[in-house]
Every structure is written in C-alpha cells, then in structure tokens.
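Taking it in order: structure first as structure tokens, then the write-up.
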DNA sequence: GAAGAAAGTGCCACTCAGTGGCATTTGCGT
DNA sequence: ACGCAAATGCCACTGAGTGGCACTTTCTTC
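Chains as they are written, first to last, in full-length UniProt numbering: chain A, 1 to 198; chain B, 1 to 198.
Written out as structure tokens, the structure reads:
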C-alpha cells in the first residue's frame, strides 16, 4: 500500500478533510490574490477554522502553501526507500523523481503548478521551499546510510539543484505533461555543465 | 580601488558608522544569546537606534545577521567581474571564491564564523541565507552574459552547493585558516560525486 | 554666516504571523 | 448514558515590519 488505507475513525477522517480543505483553499486563494497579499485570516474564514487550529495542522502560512511540493518530495523518499536501485546514483535519483512524478494523481498537477508560480514571486515562499529541499537532502543522505559522505552530499545537492533548474525552465509554460522532459533534459546537461569552459 | 574611498561627506561617514555598528553589535548579541532568542529591540537599544531607522539600513533582522556572508559574496562578484578568467569554469569560480576569501580583512573572519554558526541552528537564517545564494547565482549568470543557459546555470548551482558543503564541513571546528582547504577538497570531490554508483 | 532645501531620524499607531492558557465541544470506549 | 481524551475555539500576548508625520541635522547657496 503506497498510501495508508482511509482510516476508519470518524475523528481521523475529519482531520484529513480539514487538512485537505486548508491546502486546497490555500492554493486557490493564494493563486488568485497572491501569497503575500492574502492574509492568513482570509484563509481561516474561508475554511471556517480558528487561527489556533490552523497552527495545529501547519507550522506556518508558507507551510500550507507548499503542500503540493512537500507531497512530491514525500513520495520521492518513499520511492527511494522501496527500491534501492543500482547503477549511477544520479540516474537513480532522476528515475525516482520521475517515478514520484508519475505517481501523483491528476488533482495534484494544477496545485503544483500554482505552487511553483507562487514560489517564483514570493521570496518568503522561495526561502521556505529551499529550506524544505535542504531537509529532504538530509533525509536522503540518512536513507542511504552515509549522512556524512562528502561526495554523496555533493551528488544529492547537484540532483536537487538540477531538479529546481528543470522546474524553472518548465515554469513559463507549466504545460502539464512536459515536466518529465525538462527533468530529463536538465539531468542530461549535468555532465556538460560541470565541464563548461570559460 | 577595490573598496570605494572613504566618503568625504560627514553625512555619509555617519551612515557607514551606523551600518557597521548595527552589523557588529548584531553579530555580538546574536552570537551570545542566539538569533531567535534575541529580540530586535535589544539590538536597537544597544546601538541606540530607533526601530524605524534600523529598517532604513537593513531589510530585516535576518539581513543584518547575514552581513558577513553578504560581504563575502559581494567581493566574490567583484573578483569575478574584474578578472574574467579562463579554462574550466568551475576552477574559475573556485579561485574567485578563494581570492575573495583571501581579500577579507582580519576583522571579518570571526564575524563570519559566528554567522555560520548562527545559520546552522536557526531555520529562519538558513532560509534567508539560501535565498541570498540564489540571488548571487542569478547575478553571476547575468555577469557572464548568459542568464538563460541551462548548463551554465547548473554549473553555478553546483559550485555554490559545493561551497556550502565546504562551509558545512568547516563548521565544527571553524578553524581560522582551514576554510580554503575545505573549499579545495570539496571542489576536488565534485567529479567523483557526480559519478557515484549505488 | 544665515536661510532654505534635502536627507536622516524618532515616535506613534497600525497590520499580520505565530504562541500560550484555558474553557468548551466532540468523538470514543465502556 | 457516562466519563475520558482529543480537538477546537477564544482571548490576550509577543515580535517583526510598515506608514505617516513631525523634528533635527547636514549640505548648499547666496
């Protein structure tokens, strides 16, 4: 089971519904009016949840806005954990990324596109996004059992940077099916990039 | 002249002094009590500057805390601009970094060490630091005249990531003269990192 | 060197994110 | 049905950052 079975408990189901409602409404509201221009209270009113409750679900305003991104990386770590993979590690990471991408359901894609656009013009979001990438990198190193290996650390940094570059190239169009191509192109350019001459 | 000559105007001199006082006192205060645990007002009281004035000098509390880091990157961009360099670009970047490092005066080193330590245990600072790296990267691409070249973008991402890894390795000791060695080691490990096998 | 322009500063009141405490409700098990 | 624990809501608070306006300091010009 990739996703945990829907929990029987009513209490749990309500929690999940609230979480989703917050994330989805956040994407919609922020997408319309912009992240910085939308006070958190507007989101709380829309979802009819008190300030205090919100902060029991999400750590910050940025946190809820980045839900789609965090979902992707979470799946990425799952994929990496379940199939160790062999051969060049950067191919392993690229493929894990592509697999994770393929696993996201149709509902996810527009939310992700919205999030990426938001991130592009809100430094606060960009900062939190970079911070989250750093956490994922640390988690990946731990997963591979060599958290202190310099070369491994560099490789992971490179791969995440490559991913971000791919997303950046994809950003202007945000065409639904084209992200994997951008990812493949970017990863294919790593070697040449590293050996660029002035 | 690498640094602009001391401005004749009294007005300008006072501004510079206030800026420095804020940066230095910030490093001292934050270094003692921690970044998150030190309210901005404590800094303002210490320097005897009003809240309003502070925000005319620095954009945020994080901004003033990261002064030492920003100084380094600023010198890095200067170095890069004045000597285009030839050969493998990653060597050019590494050497520009080392040159910038060598140009910093003795006063800078302890402030930088403090800043790095602060950054390591304050997510807010880490986020702003990563954000600043991203700005420097964009500026570097612009400087080289190819802001949209994917391979160049990747190379710059890789180099900055490598720098950050080097600083991270240096962090536990923070031994004054050892940073350049860590930088050289990290850059030397790029190739092997990219070709790691699972 | 005095007068006025311009830049810099301080104070006050405001918005908004995030937190702690405590009472209240709501779903859960017996 | 009852009691327990979890979840929620409400209130008041801190702390960062901003806008407006009055006041002081420096620069300029005559």
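Quick reminder that beta carbons are idealized off the backbone N, C-alpha and C, glycines included. Values in this document were obtained by computation on a predicted structure and should not be read as measured data.
- For residue 159 of chain A, the enclosing alpha helix (DSSP H) starts and ends at 150-170.
- Not one beta carbon of chain A lies nearer than 8 Å to the beta carbon of residue 136 of chain B.
- Note on residue 145 of chain A: under 16 other CB atoms within 10 angstroms of its CB, so exposed under the neighbour-count rule.
- The three-state reading of DSSP puts residue 176 of chain A in helix, counting H, G and I together.
- Contact of residue 92 of chain B with chain A by beta-carbon distance below 8 Å involves 198.
- Using beta-carbon distances, residue 88 of chain A counts as an interface residue toward chain B, with a partner under 8 Å.
- The criterion of a C-beta distance shorter than 8 Å is not satisfied by residue 155 of chain A and residue 130 of chain B.
- Listed along chain B, the residues sitting closer than 7 Å to residue 155 of chain A by beta-carbon distance are 193, 194 and 196.
- Rounded to the nearest angstrom, the gap between the Cα atoms of residue 48 of chain B and residue 18 of chain B is 10 Å.
- For residue 197 of chain A, the secondary structure class from DSSP, reduced to helix, strand or coil, is strand.
- Between residue 104 of chain B and residue 167 of chain B, the alpha-carbon positions lie close to 16 Å from each other.
- Taking C-beta atoms as the reference points, residue 114 of chain A and residue 31 of chain A count as a pair closer than 8 Å.
- The beta-carbon distance between residue 96 of chain A and residue 80 of chain A, rounded to whole angstroms, is 5 Å. This is short enough to meet the 8 Å contact definition.
- The C-alpha of residue 53 of chain A is placed about 43 Å away from the C-alpha of residue 185 of chain A.
- At a cut-off of 8 Å, the C-beta of residue 127 of chain A has a neighbouring C-beta in chain B.
- Residues are counted here when their Cβ sits less than 8 Å from a Cβ of chain B; for the region 156-167 of chain A these are 157, 158, 161, 162, 164 and 165, given in chain order.
- Residue contact with chain B for residue 169 of chain A: present (Cβ-Cβ distance below 8 Å to some residue of chain B).
- Cβ-Cβ separation between residue 198 of chain A and residue 84 of chain B: approximately 7 Å, consistent with a contact (criterion under 8 Å).
- In terms of Cβ geometry, residue 22 of chain A and residue 66 of chain A do not form a close pair [threshold 8 Å].
- Taking 8 Å as the cut-off, the beta carbon of residue 159 of chain A is found no closer than this to the beta carbon of residue 76 of chain A.
- Not flagged as an interface residue toward chain B: residue 100 of chain A, since no C-beta distance is shorter than 8 Å.
- Going by C-alpha positions, residue 14 of chain B is about 51 Å away from residue 74 of chain A.
- Residue 110 of chain B sits in a helix when the DSSP states are folded into three classes.
- For residue 88 of chain B, the secondary structure class from DSSP, reduced to helix, strand or coil, is strand.
- For the pair residue 128 of chain B and residue 70 of chain B, the Cα-to-Cα distance works out to about 11 Å.
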